[in-house]
Amino acid sequence: MSRHALTVERVGPLALLQDLGRPGHAHLGVSPSGAADRGSLRTANRLVGNADGALAVEVLAGGLALRASADVTVAITGAPLPVQVDGRAVEFCAPAFVPAGSLLRLGMPATGLRSYLAVRGGLAAEQVFGSASRDTLSGIGPEPLAVGSALHVADADPVAALRSSDVPRLHGASPGGLVVRAVPGPRDDWFGPVGARALTGVSWTVAGDSDRVGVRLSGPVLERHRHEELASEGVLRGAVQVPPSGQPLVFLADHPTTGGYPVVAVVVEEDCDLLAQARPGEGVRVELVRGPELG
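Following UniProt numbering from start to finish, the sequence shown increments by one per residue and tops out at 295.
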């Protein structure tokens, strides 16, 4: 059972329903999708006592306004932004009560890209392959939110809520630029003796055409030393694919399930969340690590 709790009155650039995705269906050509910044989704849910993977709203660059038709408790995490209930400021990254009839407004983030709005009880929407996430590449899942969209709460049984004092660090600007860790391979040998090390020691720039499919990095050309055709191979979130342009593409949540260009390295899972918050023009550096260093 679910109940109508919120109605969209304004949408910024993009607002999507997202949970932790639909892993395990790559053999059917279905991407996992899910929240671009999974850590922030988990934190928002824990703040209101939901299970980690409860359905929430992923808000790109703020600008969302919702009218409550019932009393709800919410939490917003991810890219920090101002939050108001009927014009009154409420704390970001903490539970906030929104009475029935009130207007919840999200401003614009000063840093980062994506914020996450969780509602106590979790949102409810039709699932495809066990998830209600919107996959922007395939079009699977609920349509993006629009003015008039109704959000329903599942009223799931609460789990242990996260205390505000235990909230992980917020996403903000990184002094000296963002640094992400990556594991070499599987096709780093296609780039000569330097291999995946060609990614390091370089300040890459996030390109403007980055999206939920992947973050495009602009910088020096990565030269291939092997030029034969590569059969399509499976890819995953974090895979650093190098197309003929020599400009790397780091796949994010809505990546395709296969690709025909060599993958020189794979960004570790936690740092994919950081890349999902990187704005166009922001600097990114890559640090190569191996298994033991990830602990």
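A virtual CB, placed ideally from N, CA and C, is assigned to each residue, including glycine.
Following the continuous beta strand (DSSP E) through residue 77, name the residue where it begins and the one where it ends.
Counted from its first residue, the sequence shown places residue 77 at position 77. Residue 77 -> beta strand (DSSP E) spans 72 to 78.
Closest Cα partner of residue 128 within the set 32, 241 and 70:
The residue you call residue 128 lines up with position 128 of the sequence shown. If we check each option's Cα against that of residue 128, 32 comes out closest.
Pick helix, strand or coil for residue 92, following the three-state DSSP scheme.
Counting from one through the sequence shown, the residue named residue 92 turns up at place 92. Three-state DSSP puts residue 92 in coil, outside helix and strand.
Quick one, which of 122, 8, 190 and 220 has its alpha-carbon nearest residue 204's?
As a working note, residue 204 is residue 204 in the sequence shown. Checked all of 122, 8, 190 and 220; the closest Cα to residue 204 is 220.
For the beta strand (DSSP E) containing residue 218, list its first residue and its last residue.
Your numbering for residue 218 matches position 218 in the sequence shown. Residues 214 to 218.
Could you tell me the boundaries of the alpha helix (DSSP H) in which residue 245 lies?
Here residue 245 refers to the residue found at position 245 of the sequence shown. From DSSP, residue 245 is part of no alpha helix (DSSP H); its letter is neither H nor E.
Around the C-beta of residue 228, are 16 or more other C-beta atoms found within 10 angstroms, so that it is buried, or is it exposed?
Translated into positions along the sequence shown, residue 228 becomes position 228. Flag for residue 228 reads exposed.
Apart from the five residues just before and just after residue 29, which ones in its own chain have a Cβ nearer than 7 Å to its Cβ?
For this step, residue 29 is matched to residue 29 along the sequence shown. Answer for residue 29: 257, listed in chain order.
Of the listed residues 42, 66, 178 and 225, nearest to residue 105 (C-alpha basis)
The residue you call residue 105 lines up with position 105 of the sequence shown. Cα-wise, what sits closest to residue 105 is 66.
Pick from 251, 61 and 218 that is closest to residue 206, judged by C-alpha positions
Within the sequence shown, numbered from 1, the residue matching residue 206 stands at position 206. The shortest C-alpha separation from residue 206 is found at 218.
What number of angstroms, rounded off, separates the C-alpha of residue 7 from the C-alpha of residue 250?
Numbered from its first residue, the sequence shown carries residue 7 at position 7. Numbered from its first residue, the sequence shown carries residue 250 at position 250. Whole-angstrom Cα-Cα distance: 35 Å.
Nearest candidate by alpha-carbon position, reference residue 35, set 9, 245 and 213
Reading the sequence shown from its first residue, position 35 is the one you call residue 35. Among 9, 245 and 213, the Cα nearest to that of residue 35 is on 213.
Out of curiosity, what's the CA-to-CA distance linking residue 17 and residue 120?
Along the sequence shown, read from residue 1 onward, the residue named residue 17 stands at position 17. Along the sequence shown, read from residue 1 onward, the residue named residue 120 stands at position 120. Each residue's alpha carbon lies about 15 Å from the other.
Proximity winner among 115, 240 and 107, relative to residue 41 (alpha-carbon distances)
Locating residue 41 in the sequence shown gives position 41, counting from the first residue. Minimum Cα distance to residue 41 is reached at 115.
Close Cβ partners of residue 254 (< 7 Å) along its chain, the five nearest in sequence each way excluded
Here residue 254 refers to the residue found at position 254 of the sequence shown. So the qualifying residues of the chain are 31, 33, 135, 136, 137, 212 and 213.
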